[in-house]
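Participant: Right, I'll just put the structure down here and ask away after.
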Amino acid sequence: GVAVLKFKNPPVNSLSLGMLMELVISLEKLENNKAIRGIVITSERPGIFATSLDLMEMCGQNPAHYAEYWKAVQELWLRLYQSNKVLVAAINGAYPTGECLIPLTCDYRVMADNPKYTIGLKETLVGIVAPFWFKDTLVNTFRHRSAECTLQLGMLFLPTEALQVGIVDQVVPKEQVQSTALSVMAQWMAIPDHAQQLTKSMMWKLTVDHLVSRDADIQFFVFTSRDSIQKAM
Amino acid sequence: GVAVLKFKNPPVNSLSLGMLMELVISLEKLENNKAIRGIVITSERPGIFATSLDLMEMCGQNPAHYAEYWKAVQELWLRLYQSNKVLVAAINGAYPTGECLIPLTCDYRVMADNPKYTIGLKETLVGIVAPFWFKDTLVNTFRHRSAECTLQLGMLFLPTEALQVGIVDQVVPKEQVQSTALSVMAQWMAIPDHAQQLTKSMMWKLTVDHLVSRDADIQFFVFTSRDSIQKAM
Amino acid sequence: GVAVLKFKNPPVNSLSLGMLMELVISLEKLENNKAIRGIVITSERPGIFATSLDLMEMCGQNPAHYAEYWKAVQELWLRLYQSNKVLVAAINGAYPTGECLIPLTCDYRVMADNPKYTIGLKETLVGIVAPFWFKDTLVNTFRHRSAECTLQLGMLFLPTEALQVGIVDQVVPKEQVQSTALSVMAQWMAIPDHAQQLTKSMMWKLTVDHLVSRDADIQFFVFTSRDSIQKAM
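Residue numbers (the working numbering), protein chains in the order written: chain P, 1 to 233; chain R, 234 to 466; chain D, 467 to 699.
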């Protein structure tokens with residue numbers, strides 16, 4: 001079967017520490033449920049997809065809090081990127097502050113064709129250096145050159161631009177986002193799961209393996225972001 | 234001079250163990266022939282290019298046979314991918330079961346513009362996990378993202394789609410496939426061969442180096458394919 | 467502030483050993499100047515951008531001279547590719563002999579739309595094997611597949627072709643090259659420099675790290691180029 005995971009963290013679904021922990025627990029339950037082969041990831045409130053990093057968690061806190069927060073971000077990424085389920089993102093809202101961390105861990109991305117919606121990543125604009133593993137995810141999805149500009153300039157894309165650069169796979173009218181996500185899911189689930197899962201794991205293994213030292217990555221984040229986020233805001 | 238290597242293994246040119254061994258011997262002879270600088274690879278029977286993996290060799294056999302078969306597949310790939318000759322694929326037929334292993338080892342691919350022809354790879358559909366070195370060849374030719382979808386979903390492409398995704402370099406009317414292949418060959422042979430060969434070897438070295446442990450790859454193939462191929466068929 | 471670095475080495479701005487050394491010194495001064503955040507790289511003489519490798523330095527000289535020359539080429543590339551400044555290439559002329567080493571180390575490339583101008587690299591045509599680090603720069607900018615053909619065949623591109631393949635980012639009328647370069651620069655300089663520099667360094671680090679053994683690369687160059695350049699000319 002297919003599960004639907006809906007983000008809900010008013011007002012803008014931002015990835016607070018609490019939200020990250022809740023997501024990791026939900027994903028673990030779904031991962032262990034053998035009856036579930038695919039997960040559609042979407043927002044409960046059309047119009048606001050968000051799930052951006054929560055600047056409040058990264059601003060004016062002590063280093064231990066920064067470290068705890070970043071560890072939770074890593075954990076979510078690792079769970080999603082190594083999932084044995086087929087993941088399809090049904091992007092039914094905007095990323096006002098940009099980060100597309102979660103959609104990029106999915107096998108397929110469907111986005112609503114609404115000129116008010118954007119997707120991308122504004123990390124550098126708020127003084128954050130995207131971690132290397134997110135950079136690798138982006139290089140895998142884009143071309144290296146597009147990833148260079150997007151990451152350094154903190155670019156946001158409208159739906160049609162996102163399609164062209166390859167950040168999403170399909171753009172459809174907003175009322176068709178869910179049904180398209182489900183039919184894409186059906187296509188992926190038609191593949192013998194043993195072969196599909198091993199193939200996916202082979203494709204992404206190198207990217208995951210690079211995060212073997214999570215501590216170094218946490219320290220780099222705390223070191224580079226502590227002052228610069230506050231300065232940029 | 235330019236040699237033309239024509240596949241011939243009725244009815245569909247599939248890569249049986251015998252065919253693999255014959256190809257390796259033919260390639261070794263050509264490789265050692267200093268008078269030959271380029272090889273056009275094509276099918277003797279227009280309409281059927283094929284050279285797909287032979288499911289009969291991978292179904293209901295004992296593990297030792299699986300291992301022997303896979304070693305021969307590796308050997309063919311290594312010979313082709315490390316060839317010092319300029320290789321041009323003149324694709325004058327369909328790949329009914331898909332695998333494009335051989336064309337992707339060539340320096341250039343010309344395909345006949347026939348809507349009955351397709352090229353791609355259906356490995357996952359029959360329960361096979363493509364080996365990492367074939368994945369790497371695909372990532373080098375496509376974008377990483379296109380390779381993800383193609384490999385996981387076992388996709389086949391019509392000639393125009395194949396051109397767009399980059400699996401072939403040129404699509405021409407079927408009666409021009411051979412002449413186009415030869416004029417492409419002339420273009421490549423105009424380059425000082427010393428510089429061209431060293432440049433090619435530099436581009437592909439990393440991909441080849443990853444296969445240093447052929448045994449691990451053979452065992453992975455036997456382990457992952459033994460049951461799943463039969464189940465999928 | 468923004469500095470403008472103008473090439474000037476009549477008649478065709480080629481990268482002689484003297485010119486390389488002068489460039490490295492100029493770059494070091496700019497790099498140490500904290501008031502400078504960006505550098506526009508251009509030619510003093512519109513019509514001739516050039517800055518190609520100087521074949522006179524690589525032809526009929528003794529091995530020690532080859533080695534000294536190549537070390538200087540490495541040094542220039544390392545300085546540019548690791549620069550903490552934003553680099554924008556304002557390509558206001560042709561590369562008659564092709565190499566696009568310097569523009570490819572920049573963060574952004576603007577080229578004049580003149581059908582007499584070309585950009586690319588003709589290394590193999592004159593018997594030179596491009597070094598692996600230049601290959602990596604090219605793969606980062608292009609797709610792997612485009613880099614294969616471009617490097618092996620020694621291809622040159624007209625401005626519109628260069629844009630399509632991704633070797634330049636923007637093509638504009640020749641009288642707008644400088645102003646476009648400056649407005650691109652303003653866009654990059656709007657990013658908090660701490661975050662932008664660390665992001666850039668993360669993107670390119672792997673490519674730079676590969677050149678840890680400069681001696682092996684020098685010896686490979688001397689060995690492969692000594693006879694073949696003279697033969698090709």
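Backbone N, C-alpha and C fix where the C-beta goes; we use that ideal spot for every residue, glycine too.
Taking 9 Å as the threshold (beta carbon to beta carbon), is I424(R) in contact with chain D?
Facilitator: For I424(R), the answer is yes, since a Cβ of chain D falls inside 9 Å of its Cβ.
Participant: Hey, is R37(P)'s beta-carbon within less than 9 Å of any beta-carbon in chain R?
Facilitator: Chain R contact via Cβ: absent.
Participant: Give the DSSP-derived three-state secondary structure of K304(R) in the structure shown.
Facilitator: Helix at K304(R).
Participant: Rounded to the nearest angstrom, how far is the Cβ of F390(R) from that of T351(R), given a contact under 8 Å?
Facilitator: Going by Cβ atoms, the distance from F390(R) to T351(R) rounds to 6 Å, so yes, they are a contact pair.
Participant: Please tell me whether L195(R) has its Cβ less than 9 Å away from any Cβ of chain D.
Facilitator: For chain R, the structure presents residues 234 to 466; residue 195(R) sits outside this window and is missing.
Participant: Under a CB-based cut-off of 9 Å, is K231(P) close to chain D?
Facilitator: So, interface residue.
Participant: Leaving aside the five residues before and after W421(R) along the sequence, list all residues of the same chain whose C-beta is less than 8 Å from its C-beta, in chain order.
Facilitator: Once the five neighbours on either side are set aside, the close Cβ partners of W421(R) are G271, V319, V321, D340, Y341 and Q429.
Participant: What's the C-alpha gap between T616(D) and V634(D)?
Facilitator: Answer to the nearest angstrom: the Cα atoms are 14 Å apart.
Participant: Measure the Cβ-Cβ separation of S694(D) and P336(R) and say whether it is below 9 Å.
Facilitator: For S694(D) and P336(R), no; Cβs fall outside 9 Å.
Participant: Answer yes or no: do P244(R) and A345(R) have a C-beta to C-beta separation smaller than 9 Å?
Facilitator: Not a contact, by the Cβ cut-off of 9 Å.
Participant: If you draw a straight line from the alpha carbon of G360(R) to that of M202(P), how long is it in whole angstroms?
Facilitator: Between G360(R) and M202(P), the C-alpha separation is close to 15 Å.
Participant: Could you work out which residue in W543(D), Q527(D) and H610(D) is closest to T517(D) when comparing CA atoms only?
Facilitator: That would be W543(D), whose Cα lies nearest to the Cα of T517(D).
Participant: Determine the chain D residues that contact W421(R) at a beta-carbon separation under 8 Å, and present them in chain order.
Facilitator: Here the neighbours are Q618 and L619.
Participant: Whether or not the segment 372-379 of chain R and the segment 398-417 of chain R are in contact is what I'm after, with contact meaning three or more pairs of Cβ atoms, one per stretch, closer than 8 Å; do they touch?
Facilitator: The answer is yes - the segment 372-379 of chain R touches the segment 398-417 of chain R, with three or more Cβ pairs under 8 Å.
Participant: T665(D): buried (16+ other C-beta within 10 angstroms of its C-beta) or exposed?
Facilitator: Under this definition T665(D) is a buried residue.
Participant: Going along chain R, which residues have a C-beta under 7 Å from H610(D)?
Facilitator: N373, listed in chain order.
Participant: Throw me the rounded Cβ distance for the V650(D) and V576(D) pair, which I believe falls under 8 Å.
Facilitator: Their Cβ separation, rounded to whole angstroms, is 6 Å, which keeps V650(D) and V576(D) in contact under 8 Å.
Participant: Which two residues bound the contiguous beta strand (DSSP E) that contains K368(R)?
Facilitator: Premise fails: K368(R) lies in the alpha helix (DSSP H), F365 to T374, not in any beta strand (DSSP E).
Participant: Going by Cα to Cα distance, which pick from L163(P), F132(P) and E99(P) is closest to L211(P)?
Facilitator: Nearest option by C-alpha distance: F132(P).
Participant: Assuming contact is defined by CB atoms lying nearer than 9 Å, are L253(R) and Y302(R) in contact in what I supplied?
Facilitator: Yes, the Cβ-Cβ distance between L253(R) and Y302(R) is below 9 Å.
Participant: I'd like to know whether the C-beta of K198(P) is nearer than 9 Å to at least one C-beta of chain R.
Facilitator: Note on identity: in this sequence residue 198(P) is Leu, with Lys being the wrong assignment. Answer yes: the Cβ-Cβ gap between L198(P) and chain R drops below 9 Å somewhere.
Participant: Taking DSSP's pairing of strands, which residues face M344(R) in a bridge?
Facilitator: Answer is I324(R) and V404(R).
Participant: Any idea what DSSP makes of I39(P), helix, strand or coil?
Facilitator: Strand.
Participant: Look at the alpha carbon of L80(P) and the alpha carbon of K407(R), and state the distance between them as a whole number of angstroms.
Facilitator: For L80(P) and K407(R), the distance between alpha carbons rounds to 46 Å.
Participant: Indicate whether K537(D) and R680(D) have their beta-carbon atoms separated by less than 9 Å.
Facilitator: Contact: yes.
Participant: Using a Cβ-Cβ cutoff of less than 6 Å, which residues in the same chain neighbour V404(R) once the five nearest sequence positions on both sides are dropped?
Facilitator: Once the five neighbours on either side are set aside, the close Cβ partners of V404(R) are M344, D346, P392 and L396.
Participant: So, with DSSP's three-state summary, where would you put A236(R)?
Facilitator: Strand.
Participant: Report the three-state DSSP secondary structure of I229(P) (helix, strand or coil).
Facilitator: DSSP places I229(P) in helix when its eight states are reduced to three.
Participant: At 9 Å on the CB atoms, spell out the chain P contacts of M668(D), in chain order.
Facilitator: Those within 9 Å of M668(D) in chain P are V129, A130, P131, F132, K135 and L151.
Participant: Hey, S509(D) and N528(D): beta-carbon distance below 9 Å or not?
Facilitator: Taking 9 Å as the Cβ cut-off, S509(D) and N528(D) do not qualify as a contacting pair.
Participant: Using the beta-carbon of each residue, which ones in chain R are nearer than 9 Å to G18(P)?
Facilitator: Result: empty, since nearest Cβ-Cβ is about 32 Å, beyond 9 Å.
Participant: Assuming A323(R) and A414(R) are in contact, meaning their beta carbons sit under 8 Å apart, how far apart are those beta carbons, in whole angstroms?
Facilitator: About 4 Å separates the two Cβ atoms, so the contact holds.
Participant: Kindly identify the DSSP beta-bridge partner or partners of L53(P).
Facilitator: Beta-bridge pairing links L53(P) to L15(P).
Participant: Looking at V506(D): is its Cβ nearer than 9 Å to the Cβ of L481(D)?
Facilitator: No, they are not a contact pair.
Participant: Expressed to the nearest angstrom, what Euclidean distance is found between the alpha-carbon atoms of S316(R) and T370(R)?
Facilitator: One C-alpha to the other measures close to 15 Å.
Participant: Quick one: grab the DSSP three-state call for V319(R).
Facilitator: Of the three classes helix, strand and coil, the one that applies to V319(R) here is strand, per DSSP.
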